[in-house]
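Going by full-length UniProt numbering, the sequence shown opens with residue 1, and the numbers climb by one from there.
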Amino acid sequence: MRSYKCIIGETNNENKPVLYTKNMENLHFPKELDIGFQEIEIPFISQEDEVAVLVNQVTVNNKRYKIVIATPIEKIDDTIEIFIGWLLFAGLLLYVIALILGYRVITRVLSPVRTITQTAQTISKSNLSKRVPLPDREDEFYQLAKTFNTMLERLEKNFDKINRFNVNVSHELKTPLTIIRGEIEVALLKDRSIKEYKTVLQTILEETKTIQSIIETLLLLSKSDTKALKKRMLPLSLDTLILEAVEEKRQNANEQSINIVIKELESVTIVGEPTLLKRAIANIIDNAIKYSPPNTNIEITLNNSSDTILMIKDSGYGIPYDHIDKIFDPFFRIESTNEKRVQGQGLGLSIVQWIVKLHNAKINIESEVAKGTIFKIYFNKNN
Numbered sequence: 001m002r003s004y005k006c007i008i009g010e011t012n013n014e015n016k017p018v019l020y021t022k023n024m025e026n027l028h029f030p031k032e033l034d035i036g037f038q039e040i041e042i043p044f045i046s047q048e049d050e051v052a053v054l055v056n057q058v059t060v061n062n063k064r065y066k067i068v069i070a071t072p073i074e075k076i077d078d079t080i081e082i083f084i085g086w087l088l089f090a091g092l093l094l095y096v097i098a099l100i101l102g103y104r105v106i107t108r109v110l111s112p113v114r115t116i117t118q119t120a121q122t123i124s125k126s127n128l129s130k131r132v133p134l135p136d137r138e139d140e141f142y143q144l145a146k147t148f149n150t151m152l153e154r155l156e157k158n159f160d161k162i163n164r165f166n167v168n169v170s171h172e173l174k175t176p177l178t179i180i181r182g183e184i185e186v187a188l189l190k191d192r193s194i195k196e197y198k199t200v201l202q203t204i205l206e207e208t209k210t211i212q213s214i215i216e217t218l219l220l221l222s223k224s225d226t227k228a229l230k231k232r233m234l235p236l237s238l239d240t241l242i243l244e245a246v247e248e249k250r251q252n253a254n255e256q257s258i259n260i261v262i263k264e265l266e267s268v269t270i271v272g273e274p275t276l277l278k279r280a281i282a283n284i285i286d287n288a289i290k291y292s293p294p295n296t297n298i299e300i301t302l303n304n305s306s307d308t309i310l311m312i313k314d315s316g317y318g319i320p321y322d323h324i325d326k327i328f329d330p331f332f333r334i335e336s337t338n339e340k341r342v343q344g345q346g347l348g349l350s351i352v353q354w355i356v357k358l359h360n361a362k363i364n365i366e367s368e369v370a371k372g373t374i375f376k377i378y379f380n381k382n383n
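Quick look at the structure:
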């Protein structure tokens with residue numbers, strides 16, 4: 001229990017206290033002194049120790065009294081020290097609780113990131129089918145995991161394309177090389193006539209041309225320095241290029257009893273690389289000849305409206321819907337009912353797409369099985 005001392009005395013006679021006590025609990029003030037205190041003076045230093053003092057002056061029956069209440073500061077300091085101790089303990093406890101809760105929250109929040117990291121570490125080019133589990137809540141981490149899975153899906157498709165491409169290249173190069181080796185081995189089994197040797201050499205020459213064509217096409221498709229090609233672009237007459245490509249392929253079409261008809265050919269000038277554009281147009285016409293039955297037409301239209309549109313339409317066997325997205329893949333070919341006339345390596349349309357993109361144009365295919373195919377190339381007038 002805290003100790004208080006109380007003294008009440010007349011102000012004009014300080015040595016004559018009216019009341020003095022050490023026990024505040026049993027103190028009863030006279031009724032005439034029952035008022036509140038209005039002033040505190042802290043600290044007051046006595047001769048013995050440091051004390052806190054509460055002082056008030058009152059007037060009763062024309063007499064002035066001074067009331068003084070004092071208590072040692074030492075005991076207040078003890079109370080403050082205990083309070084500070086509890087405060088430090090509470091602060092330390094709150095700090096520990098905050099650390100635990102913070103760790104649990106951060107662990108939970110970063111769990112999707114850790115899952116993505118672990119999945120990414122296990123992925124290789126032979127294991128691109130793995131996907132990151134999507135979080136239950138559709139928050140930022142959900143979008144991150146979804147985007148990561150989309151990227152993996154694209155990588156998987158691209159790696160599949162590369163693998164198929166490598167297999168197809170190996171096959172396409174292996175076939176002519178096998179023929180060349182076979183012809184040479186047969187020719188060396190015994191002496192041959194000059195005519196027989198010429199036949200062998202002619203076969204070897206044709207197969208060599210095939211290999212050369214494949215290699216040149218692959219080199220063209222792999223060119224990354226498009227800036228150099230674009231420097232060769234110049235204003236040219238697109239309608240003139242179409243006529244040249246048609247004349248180049250007309251004899252081949254006639255041999256297959258296929259008629260090339262120019263329905264509409266407006267005069268159009270664009271900026272482009274003439275050799276490549278002519279090759280793209282010729283490749284589409286050649287593809288139409290290969291996959292069209294005899295006694296049918298190939299129709300060509302060049303329309304110069306808001307965008308320049310080149311349309312090449314055939315009445316061939318058509319392209320199945322599920323093959324349209326693959327038609328521009330290198331070495332992709334569609335089996336037709338007229339296989340004996342379908343020759344080539346399946347690189348023609350891949351070149352077409354590459355040339356079209358080089359000219360900032362777009363190519364679109366509309367096809368229906370047993371009715372025919374329409375190739376449309378959209379040239380931007382500001383290309």
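Heads up, the beta-carbon is just placed ideally off N, CA and C, and yes, glycines get one too.
As the structure is a computational prediction, the values presented were derived from the model and not from experiment.
One question on the structure: do Asp307 and Tyr378 come within less than 8 Å of each other, judged by their Cβ atoms?
yes
Please report the Cβ distance between residue 386 and Ile298, rounded to the nearest whole angstrom; I am assuming they are in contact, meaning their Cβ atoms lie under 8 Å.
This structure gives no information on residue 386, because the portion of the chain shown stretches from 1 to 383.
Considering Cα atoms alone, identify which of Thr203, Asn259, Ser305, Asn56 is closest to Pro294.
Asn259
Assigned exposure category for Ile162 - 16 Cβ within 10 Å defines buried:
exposed
Assumed close pair Gly348, Asn303 - CB separation to whole angstroms, cut-off 8 Å:
Contact between Gly348 and Asn303 does not hold, since the beta-carbon distance rounds to 24 Å and is not under 8 Å.
8 Å Cβ cutoff met for Ile242 and Leu219
no
Look up Leu221 in the DSSP assignment and give the residues it is bridged to.
Beta-bridge annotation (DSSP): Leu221 is not paired with any residue.
Own chain partners of Val356 with C-beta closer than 8 Å, once the 5 adjacent residues on each side are dropped
The beta carbon of Val356 is closer than 8 Å to those of Ala280, Lys362, Ile363, Ile377 in its chain, skipping five residues each way along the sequence.
To the nearest angstrom, how far is the alpha carbon of Leu229 from that of Leu276?
10 Å
Across which residues does DSSP place residue 388 in a beta bridge pair?
The chain is shown from 1 up to 383; residue 388 falls before or after that span and cannot be answered.
In three-state terms, what does DSSP make of Glu41?
Low per-residue confidence applies at Glu41: pLDDT is 42, beneath 50, and the placement is therefore not dependable, though the value from the model is reported in the following sentence. Correct three-state label for Glu41: strand.
Taking 8 Å as the threshold, find out whether the stretch 234–254 comes into contact with the stretch 321–331 through three or more Cβ pairs.
no
Skipping 5 residues on each side, what residues in its chain have a beta carbon closer than 7 Å to that of Arg250?
Ile260
DSSP state of residue 385, grouped into three classes?
Outside the modelled stretch of the chain, which goes from 1 to 383, sits residue 385, for which no answer is possible.
Of the residues His359, Phe148, Trp354, Ala98, the one placed nearest Glu273, counting alpha carbons only
His359
Which residues in the same chain have their Cβ closer than 6 Å to the Cβ of Asn149, if we skip the five residues on either side of it in sequence?
Arg131, Val132
Does the distance from the C-beta atom of Thr210 to that of Pro176 stay below 8 Å?
yes
Need the endpoints of the beta strand (DSSP E) that Asn364 sits in, please.
Counting along the chain, Asn364 sits inside the beta strand (DSSP E) bounded by residues 362–368.
Taking only three categories from DSSP, how would you classify Val268?
coil
So what's Ser46 in DSSP terms, helix, strand or just coil?
At Ser46, the pLDDT of 43 sits below 50, so the modelled position is not reliable; the number obtained from the coordinates is stated separately. Coil at Ser46, not helix or strand.
Hey, would you say Ile365 sits closer than 8 Å to Leu221, going by beta carbons?
no
Cβ-based neighbour list, Thr208, same chain, cut-off 8 Å, excluding 5 preceding and 5 following
Pro176, Ile180
Identify whether Thr68 lies in helix, strand or coil by the three-state DSSP scheme.
It should be noted that the sequence gives Val, not Thr, for residue 68. Residue state, collapsed to three classes: strand.
Compare the beta carbon distance of Ala145 and Leu128 with 8 Å and say whether it is the shorter of the two.
no
Residue burial classification, Arg64 (beta-carbon count within 10 angstroms, cutoff 16)
Flag for Arg64 reads exposed.
Ignore the nearest five residues each way along the sequence and tell me which others in Lys263's own chain have a CB closer than 8 Å to its CB.
Closer than 8 Å at the Cβ level, and outside the excluded window around Lys263, lie Glu299, Ile300, Thr301.
I need the DSSP call for Lys63, collapsed to helix, strand or coil.
strand
State the Cα-Cα distance for the pair Thr107 and Val113, rounded to the nearest angstrom.
Thr107 and Val113: Cα-Cα distance of roughly 10 Å.
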